[in-house]
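Chemist:
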Amino acid sequence: RRGSVISSWLLDLTAAALAENPTLDGLAGRVSDSGEGRWTVKAAVDVGVPAPVLAASLFERFASRGEDHYANQVLSAMRLQFGGHHELPAGDVLEAGGRKAE
1 RRGSVISSWL
11 LDLTAAALAE
21 NPTLDGLAGR
31 VSDSGEGRWT
41 VKAAVDVGVP
51 APVLAASLFE
61 RFASRGEDHY
71 ANQVLSAMRL
81 QFGGHHELPA
91 GDVLEAGGRK
101 AE
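Residue numbers (the UniProt record's numbering): 1 to 102.
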């Protein structure tokens, strides 16, 4: 990547994650949900403030469940690099309505 016109901290983290785990073994690509995104989007709706990026982010979080896509695995690897965001098992992820999945 050195010498590229595209340079960023997130790309560096992604490169480090791929160097450590090139096959992304052990990463399902699920993004956990603590409920904060739901609360933020709901609050924006309640007061009539547009928050399209937050809503899209929340919906992408939902879309990551049950899908074993390489792109989501790369995002999980990057999240692990920048803050130790480990994937939680399905039962530890909040589902619709703020309930834990069973």
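We put the beta carbon where it would ideally sit given N, CA and C, even for glycine.
1. How long is the line joining the alpha carbons of residue 22 and residue 64, rounded to whole angstroms?
2. Assuming the contact rule is C-beta atoms closer than 8 Å, residue 27 and residue 57 should be a hit. Round their C-beta distance to whole Å, please.
3. Mark residue 37 as exposed unless 16 or more other C-beta atoms lie within 10 angstroms of its C-beta, in which case mark it buried.
4. Determine the extent of the alpha helix (DSSP H) in which residue 46 is found, giving its start and end residues.
5. Please classify residue 14: does DSSP put it in a helix, a strand, or coil?
6. Among 83, 60 and 52, which one has its Cα closest to the Cα of residue 41?
7. Just tell me which of 19, 31 and 12 has its CA closest to the CA of residue 61.
8. Taking the C-alpha atoms as reference points, what is the distance between residue 7 and residue 72?
Modeler: Result, derived from the coordinates:
1. To locate residue 22, count along the sequence shown from 1; it is residue 22. To locate residue 64, count along the sequence shown from 1; it is residue 64. The straight-line gap from Cα to Cα measures roughly 20 Å.
2. Taking the first residue of the sequence shown as 1, we reach residue 27 at position 27. Taking the first residue of the sequence shown as 1, we reach residue 57 at position 57. Incorrect: roughly 19 Å between the Cβ atoms, too far for contact.
3. Reading the sequence shown from its first residue, position 37 is the one you call residue 37. It is buried - the Cβ of residue 37 has at least 16 other Cβ atoms within 10 Å.
4. Stepping through the sequence shown from its first residue, residue 46 is reached at position 46. Taken as a continuous stretch (DSSP letters only), the alpha helix (DSSP H) holding residue 46 covers 36-47.
5. The sequence position of residue 14 within the sequence shown is 14, counting from 1. If DSSP states are grouped into helix, strand and coil, residue 14 belongs with the helices.
6. For this step, residue 41 is matched to residue 41 along the sequence shown. The shortest C-alpha separation from residue 41 is found at 52.
7. Locating residue 61 in the sequence shown gives position 61, where the first residue counts as 1. Closest option to residue 61, Cα to Cα, is 31.
8. Residue numbering aside, residue 7 sits at position 7 when the sequence shown is read from its first letter. Residue numbering aside, residue 72 sits at position 72 when the sequence shown is read from its first letter. The straight-line gap from Cα to Cα measures roughly 21 Å.
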